[in-house]
Amino acid sequence: VHTRSDFHDRCPDWRGELLRAIQEVFCREQDALLSAFHTQLSTLSNVDATTLVNHMQHQLQEQGMEQINAMDCIQNAERRSLLLEIQDLRAQLTSLHIDRNGGSMHHTEGAAVYVPQDPSSLPQEVHLQLNSMKAKAGDLQEQLGSERLLASEIKDELALTKMELESTLKLQHKHFKELESLR
12 VHTRSDFHDR CPDWRGELLR AIQEVFCREQ DALLSAFHTQ LSTLSNVDAT TLVNHMQHQL
72 QEQGMEQINA MDCIQNAERR SLLLEIQDLR AQLTSLHIDR NGGSMHHTEG AAVYVPQDPS
132 SLPQEVHLQL NSMKAKAGDL QEQLGSERLL ASEIKDELAL TKMELESTLK LQHKHFKELE
192 SLR
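Take any residue in the sequence shown, note its place counting from 1, add 11, and you have its number in this note's numbering.
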């Protein structure tokens, strides 16, 4: 039986791997789109080529928007996952402290309050819990920052690829005009 924390201990950078896999899918999609464009473009006349160039630009814009939306969706899911992970860690920490110290839980106005058997150890327990939570929160914030950086890099790469494809389209359009003028 594996708990959620066991999974995260074994795969600490699963979010980064997911983002890299999605980036790879986006790149393959762009390559396929560009390959299909080149194939179609080589068999068309100048009038048809202009229509194809316009269609390709529209497809690139749609693809870029879909990729941005997908990355936003992934980032939102990642945030929710991190928040759930923090809640899970807090619950585990509270459970560990209760089991270890033999304290009891008392319910006060709907909230569970941990009361240790030795009331003098309460400040120390709270301090230990706080330090542990701060350390975990710091780790999660650092991981979130690296994931945001990776997402930003993916968006930048997408924008660069889009610009390259658009410039290639313009260049090919120019070549077709030159070819047409030579005929």
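Think of the CB as a built atom: it goes at the ideal place given N, C-alpha and C, for glycine as much as any other residue.
Name the two residues that bound the continuous alpha helix (DSSP H) containing residue i.
i	result
R31	W25 to S53
Keeping to the same chain, check which residues put their C-beta closer than 8 angstroms to that of residue i; ignore five residues upstream and five downstream.
i	result
R26	E89, S92, Q154 and E158
R21	With a pLDDT of 49 at R21, under the threshold of 50, the modelled position of this residue cannot be trusted, and the question is left open.
A102	none
Q86	E158, R159 and A162
L190	N57
Leaving out five residues before and five after residue i in sequence, what residues of the same chain have Cβ atoms less than 7 angstroms from its Cβ?
i	result
G75	L169 and K173
H118	Low confidence applies to H118: its pLDDT is 40, below 50, so where it sits in the model is not reliable enough to give any reading.
L180	V64, M67 and Q68
F187	N57 and A60
Which same chain residues, not among the five before or five after residue i, have their C-beta less than 6 angstroms away from its C-beta?
i	result
T50	none
Establish whether the CB of residue i and some CB of chain C are separated by less than 9 angstroms.
i	result
S192	Looking for chain C here will not work: only one protein chain is present.
Since residue i and residue j are thought to touch, with beta carbons under 8 angstroms apart, how far apart are those beta carbons, to the nearest angstrom?
i	j	result
L100	K147	5 angstroms
L176	L45	6 angstroms
The stretch 26 to 38 contacting the stretch 76 to 87, beta-carbon criterion three pairs below 8 angstroms: yes
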